[in-house]
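Inspection log for the structure reproduced underneath, given as structure tokens.
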Amino acid sequence: GWLLTDEEGNVKEVSVKKALSDDPMNDHAIVATFWFRKGQIFKELTNRMIEKDDRINQEFYVDQVMKYAVEAGYRTKVFEIEKYIGWGTPEEYEYYQNTIKYWTEFVFGPDFLGHENE
5 GWLLTDEEGN VKEVSVKKAL SDDPMNDHAI VATFWFRKGQ IFKELTNRMI
55 EKDDRINQEF YVDQVMKYAV EAGYRTKVFE IEKYIGWGTP EEYEYYQNTI
105 KYWTEFVFGP DFLGHENE
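According to the numbering used here, the stretch in the sequence shown is residues 5 to 122, in order.
And the structure:
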């Protein structure tokens with residue numbers, strides 16, 4: 005998803021599946037990492053989304069909760085990150101688990117440079 009913000013990083017608009025501007029590569033992207041001051045706020049906003057049956061591809065998206073936070077007047081900010089690993093589906097998470105296992109065993113295994121004949 006994408007976010008439009010003001011100069012201070014306050015979220016003004018949210019879109020989960022469609023870009024909000026003509027230059028989406030320079031817009032803020034949602035990477036599915038959220039923090040709520042209280043769990044009750046998340047529950048309130050999620051319940052609102054469910055009551056409106058606001059689905060995307062027949063599913064409820066946590067990303068969509070941000071739209072309800074903005075509409076309800078909650079302070080909603082952007083946090084800049086440098087790196088991101090996508091675990092949006094079980095397959096992506098499983099791929100990551102297998103990949104990290106492979107590279108960990110490879111780097112720390114007995115045949116890696118500097119480890120032979122220790």
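Think of the CB as a built atom: it goes at the ideal place given N, C-alpha and C, for glycine as much as any other residue.
- Taking all protein chains in view, the Cβ of residue 76 is surrounded by fewer than 16 other Cβ atoms within 10 Å, so the residue is classified as exposed.
- DSSP places residue 39 outside both helix and strand once states are collapsed to three, so it counts as coil.
- In this structure residue 67 is in contact with residue 36, their Cβ atoms being roughly 6 angstroms apart against a cut-off of 8 angstroms.
- Contact between the stretch 74 to 94 and the stretch 34 to 48 is present: 3 or more CB-CB pairs across the two stretches fall below 8 angstroms.
- For the pair residue 71 and residue 111, the CB atoms are not nearer than the 7 angstroms cut-off.
- The continuous alpha helix (DSSP H) containing residue 105 extends over residues 94 to 112.
- In the structure shown, residue 23 falls within a coil segment according to DSSP collapsed to helix, strand and coil.
- Residue 6 is not a Cβ neighbour of residue 27, given a cutoff of 7 angstroms.
- In this structure residue 80 is buried. Its beta-carbon is surrounded by 16 or more other beta-carbon atoms within 10 angstroms.
- Counted as a single uninterrupted DSSP element, the stretch harbouring residue 91 is not any beta strand (DSSP E), since DSSP gives it neither H nor E.
- Counting the other Cβ atoms within 10 Å of the Cβ of residue 73 gives 16 or more, which makes it buried.
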